[in-house]
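Listed in order, the protein sequences are those of chains A and B.
The opening residue of the first sequence carries number 8 in our numbering; numbering runs sequentially from there.
The opening residue of the second sequence carries number 47 in our numbering; numbering runs sequentially from there.
Beta carbons are placed, not taken as given, at the ideal position from N, Cα and C, and that holds for glycine.
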Amino acid sequence: VTLLEQNPRWRLVPRGQAVNLRCILKNSQYPWMSWYQQDLQKQLQWLFTLRSPGDKEVKSLPGADYLATRVTDTELRLQVANMSQGRTLYCTCSAGQGANTGQLYFGEGSKLTVL
Amino acid sequence: GQQVQQSPASLVLQEGENAELQCNFSTSLNSMQWFYQRPGGSLVSLFYNPSGTKHSGRLTSTTVIKERRSSLHISSSQTTDSGTYLCARNNYAQGLTFGLGTRVSVFP
Numbered sequence: 008v009t010l011l012e013q014n015p016r017w018r019l020v021p022r023g024q025a026v027n028l029r030c031i032l033k034n035s036q037y038p039w040m041s042w043y044q045q046d047l048q049k050q051l052q053w054l055f056t057l058r059s060p061g062d063k064e065v066k067s068l069p070g071a072d073y074l075a076t077r078v079t080d081t082e083l084r085l086q087v088a089n090m091s092q093g094r095t096l097y098c099t100c101s102a103g104q105g106a107n108t109g110q111l112y113f114g115e116g117s118k119l120t121v122l
Numbered sequence: 047g048q049q050v051q052q053s054p055a056s057l058v059l060q061e062g063e064n065a066e067l068q069c070n071f072s073t074s075l076n077s078m079q080w081f082y083q084r085p086g087g088s089l090v091s092l093f094y095n096p097s098g099t100k101h102s103g104r105l106t107s108t109t110v111i112k113e114r115r116s117s118l119h120i121s122s123s124q125t126t127d128s129g130t131y132l133c134a135r136n137n138y139a140q141g142l143t144f145g146l147g148t149r150v151s152v153f154p
């Protein structure tokens with residue numbers, strides 16, 4: 008059973024252009040939604056965890072800037088800007104956060120390539 | 047330095063061979079998880095908070111929390127076991143911290 012639906016699954020991003028990613032939660036038992044990035048060296052790194060509609064956070068990492076928004080109880084978005092290196096963004100869900108995360112479930116990922 | 051260290055970095059097996067993957071944590075641990083990443087990219091949870099020894103099919107996880115280490119044993123490997131095995135630790139105030147993974151290739 009698919010818990011998360013991510014789109015787009017792949018995107019070619021012209022240098023300097025921003026891209027918007029979307030993640031839909033299919034099971035309300037796991038309301039803590041997060042974004043992780045996986046760089047070209049395959050290192051997975053946590054970016055954000057957002058629980059409530061209206062929550063927003065920004066972060067700047069080597070190679071990209073991020074703005075994450077929890078739009079509704081079932082929708083999480085990520086805007087990726089100033090990307091200089093390709094990466095894959097994964098949406099996840101869990102029953103809790105931090106030490107109470109429990110089992111973590113991954114979406115299929117959104118693979119971004121810089122043109 | 048790397049908070050989560052995995053070894054070996056890569057492993058080549060002949061179908062039917064067993065394998066042992068290691069995960070060590072540099073700081074005190076609350077709980078950890080093992081994941082499998084398919085060659086296509088998607089990740090699947092294998093074991094969550096596997097304190098002690100747990101089994102799932104041909105996989106066995108053995109974790110000693112106070113010693114900050116965990117191992118994953120693959121028995122009778124199959125070509126479909128090929129992929130990357132990742133371990134990760136839970137943290138108090140943020141998401142999981144992942145190791146770099148062990149890339150496993152199983153040949154017929």
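Beta-carbon proximity list for residue 102 of chain B, same chain, < 8 angstroms, skipping 5 on both sides: 92 and 93.
Rounded C-alpha distance that separates residue 28 of chain A from residue 106 of chain A: Just so you know, the alpha carbons of residue 28 of chain A and residue 106 of chain A end up roughly 27 angstroms apart.
Straight-line gap, residue 133 of chain B to residue 145 of chain B (C-alpha atoms, nearest Å): Cα to Cα, residue 133 of chain B sits roughly 6 angstroms from residue 145 of chain B.
Between the CA atoms of residue 122 of chain A and residue 88 of chain A - distance to the nearest angstrom: Those two C-alpha atoms are separated by around 14 angstroms.
Paired residues, beta bridge with residue 117 of chain A - DSSP: According to DSSP, residue 117 of chain A bridges with A:96.
Residue 88 of chain B at chain A interface by Cβ criterion, 8 angstroms: Interface residue, yes.
DSSP-derived helix/strand/coil call for residue 27 of chain A: DSSP, read as helix, strand or coil, puts residue 27 of chain A in strand.
Selected residue, minimal CA-CA separation from residue 24 of chain B, among B:109, B:73, B:56 and B:139: Residue 24 of chain B lies beyond the residue range present for chain B, which begins at 47 and ends at 154; the question has no answer from this structure.
Inter-residue Cα distance where the pair is residue 82 of chain B and residue 79 of chain A: Computed Cα separation, rounded: 30 angstroms.
Below-8 angstroms beta-carbon distance, residue 70 of chain B vs any chain A residue: No Cβ of chain A is located within less than 8 angstroms of the beta carbon of residue 70 of chain B.
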